[in-house]
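The structure appears right after this line, and notes come after that.
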Amino acid sequence: MLDVSATKEVHVKRFGAEPAMFMAPGRVNLIGEHTDYSEGFVMPAAIDFATLAGVSPRADRQISISSENFGDQAVFDLDFLPHHPRHHWSDYPIGVLTVLKEVGVKVSGFNLTLSGDVPLGSGLSSSASVEVATALAILEVAAKSGSTHHFSGPEIARLCQRAENHFVGTQSGIMDQFVSCCGAAGKALLLDCRDLSFELAPISPELSIVICNTMVKHSHAGGEYNTRRAEIEAGAEIIRLHRSDVRFLRDVTVADLERWGDEMLPDVLKRCRHVVTENLRTVAAARALEQNDLPTLGRLMAESHASYRDDFEASCKEADILVELASREPACVGARLTGGGFGGCTVNLVHTAEADQFGKKMLEEYLQATGIAAEIYHCHAAAGAHRI
Numbered sequence: 025m026l027d028v029s030a031t032k033e034v035h036v037k038r039f040g041a042e043p044a045m046f047m048a049p050g051r052v053n054l055i056g057e058h059t060d061y062s063e064g065f066v067m068p069a070a071i072d073f074a075t076l077a078g079v080s081p082r083a084d085r086q087i088s089i090s091s092e093n094f095g096d097q098a099v100f101d102l103d104f105l106p107h108h109p110r111h112h113w114s115d116y117p118i119g120v121l122t123v124l125k126e127v128g129v130k131v132s133g134f135n136l137t138l139s140g141d142v143p144l145g146s147g148l149s150s151s152a153s154v155e156v157a158t159a160l161a162i163l164e165v166a167a168k169s170g171s172t173h174h175f176s177g178p179e180i181a182r183l184c185q186r187a188e189n190h191f192v193g194t195q196s197g198i199m200d201q202f203v204s205c206c207g208a209a210g211k212a213l214l215l216d217c218r219d220l221s222f223e224l225a226p227i228s229p230e231l232s233i234v235i236c237n238t239m240v241k242h243s244h245a246g247g248e249y250n251t252r253r254a255e256i257e258a259g260a261e262i263i264r265l266h267r268s269d270v271r272f273l274r275d276v277t278v279a280d281l282e283r284w285g286d287e288m289l290p291d292v293l294k295r296c297r298h299v300v301t302e303n304l305r306t307v308a309a310a311r312a313l314e315q316n317d318l319p320t321l322g323r324l325m326a327e328s329h330a331s332y333r334d335d336f337e338a339s340c341k342e343a344d345i346l347v348e349l350a351s352r353e354p355a356c357v358g359a360r361l362t363g364g365g366f367g368g369c370t371v372n373l374v375h376t377a378e379a380d381q382f383g384k385k386m387l388e389e390y391l392q393a394t395g396i397a398a399e400i401y402h403c404h405a406a407a408g409a410h411r412i
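The opening position of the sequence shown corresponds to residue 25 in the working numbering, with each subsequent residue numbered one higher.
Below is the structure:
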């Protein structure tokens, strides 16, 4: 668990000033993978693994950002910020700062301390939680220096997505930042990525979220993520030749793919089939949660993983093993790979009374099957970003 007082104490010792403290959660996506940037549906939950940001103003134009996780500090001049990513952890906060300046937020110098317990590279959205926590911290400094800008949670999410897309260079969708801003305790969030409307679906207290980390790392800024996005856009373009009303794969039906899919490269058709069917599964999963229809929810999660593995081809053997092991357990309602893919974590909905035993069994059986020591995170759906 994050230690707010320890982060505050580190900031005071380093910078000699009491910080304002903010928290932004990571997230786990229950279902709806690689649908957000096609204006589709996703259903994540904010989790109680988060990034803390402590911020205090400075009298000069310097910005000092320190990361407790990386044991590193980066110093910048507010008037000479980098224009391009340096492939460094500071790209994320600097990207957010750059975007806020672009929309007219007047910022003075500040000291920022970041710490977090979202596992890096696990698919639980450590980058989005850093971005959102940073945005709240910078807006606090700006308000103290007279800025009158006020942004809603969805607006902050959009700004942070813009930072990741245009500064960091990862073509992520809106989901990660949105649920970090707008999540709710005890609820999953069904988000329509077209208009950012959302509804909250209750997660039964009889269910626990158990996340299993394959310990296979990935980097979203690598080529695979962006390649998949290009394939999806190529498929939508082909359908658009026949249906002028199609803007994104959100508008495409299974019947469209059956009719015109032979005009696509085989891999492009597979990627599109995943997205189109995943949208249907995601909306159905929200209804299943609302009705506490656990068999249907479990079936939809299994179908989602199979599609992610076979059509989107973004799984890996370690994740497939974890999902298979989990699916054999009566305590497990549903299991699938979550996050951007190519490693990371599986999400498992497990009967609460048996969650601890389930986690222990996954550790033992995964080690036997792969020789890799997994990590298990027991989570709850948590509130979105806020001041502490």
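C-beta: ideal position from N, C-alpha, C; glycine also.
None of these values were measured; they are calculated from a predicted model.
- Residue 211 sits in a strand when the DSSP states are folded into three classes.
- In this structure residue 411 is exposed. Its beta-carbon is surrounded by fewer than 16 other beta-carbon atoms within 10 angstroms.
- Inter-segment contact for the stretch 90-100 and the stretch 158-177 is absent: fewer than three beta-carbon pairs are separated by less than 8 Å.
- Of the other Cβ atoms in all chains shown, 16 or more fall within 10 Å of the Cβ of residue 329; this residue is therefore buried.
- Here DSSP, grouped into helix, strand and coil, assigns residue 296 to helix.
- If you draw a straight line from the Cα of residue 370 to the Cα of residue 360, it comes to about 5 Å.
- Our two residues, residue 355 and residue 378, have alpha carbons roughly 6 Å apart in a direct line.
- For residue 329, there is no enclosing beta strand (DSSP E); the residue is found in the alpha helix (DSSP H) stretching over 318-334.
- The criterion of a C-beta distance shorter than 8 Å is not satisfied by residue 32 and residue 47.
- The C-alpha of residue 99 is placed about 20 Å away from the C-alpha of residue 188.
- The DSSP-derived three-state label of residue 315 is coil.
- It is roughly 37 Å from the alpha-carbon of residue 270 to the alpha-carbon of residue 74.
- For the pair residue 51 and residue 200, the CB atoms are nearer than the 8 Å cut-off.
- C-alpha of residue 194 to C-alpha of residue 250: approximately 7 Å in a straight line.
- If you ignore the 5 residues before and after residue 406, its C-beta comes within less than 7 Å of the C-beta of 49, 70, 71, 72, 207, 209, all in its own chain and listed in chain order.
- By the neighbour-count criterion, in which 16 or more other beta carbons inside 10 Å mark a residue as buried, residue 288 falls on the buried side.
- The residue from 114, 113, 85, 117 with its alpha-carbon nearest to that of residue 104 is 85.
- By the C-beta density criterion, residue 143 is buried, having at least 16 other C-beta atoms within 10 angstroms.
- Comparing C-alpha distances from residue 180 to each of 123, 221, 226 shows the shortest one belongs to 123.
- Per DSSP, the unbroken alpha helix (DSSP H) holding residue 185 starts and ends at 177-187.
- For residue 362, the enclosing beta strand (DSSP E) has its first and last residue at 356-362.
- Cα atoms of residue 284 and residue 337: separation of roughly 21 Å, rounded to the nearest angstrom.
- The continuous beta strand (DSSP E) containing residue 79 extends over residues 65-81.
- By the beta-carbon neighbour count (other beta carbons within 10 angstroms, threshold 16), residue 305 is buried.
- Apart from the 5 residues on each side of it in sequence, residue 259 sits with its Cβ closer than 6 Å to the Cβ of 288, 292, 296 in its chain, given in chain order.
- Take the alpha-carbon of residue 121 and the one of residue 29: they are about 25 Å apart.
- One Cα belongs to residue 88, the other to residue 135, and the distance between them is close to 5 Å.
- The distance from the Cβ of residue 339 to that of residue 298 is about 11 Å, inconsistent with a contact at the 8 Å cut-off.
- The shortest CA-to-CA distance from residue 56 to any of 224, 178, 308 is the one to 308.
- Excluding its 5 nearest sequence neighbours in each direction, residue 389 has C-beta neighbours in its own chain below 7 Å: 349, listed in chain order.
- Residue 107: not part of any alpha helix (DSSP H); DSSP gives it neither H nor E.
- In this structure, residue 76 lies away from residue 119, with their beta-carbon atoms at least 8 Å apart.
- Burial state of residue 68 is buried, judged by a 10 Å Cβ sphere holding 16 or more other Cβ atoms.
- A Cβ-Cβ distance of about 37 Å is found for the pair residue 218 and residue 353, leaving them out of contact under the 8 Å criterion.
- With a cutoff of 8 Å on beta-carbon distance, residue 220 and residue 65 are scored as not near each other.
- It is roughly 15 Å from the alpha-carbon of residue 409 to the alpha-carbon of residue 211.
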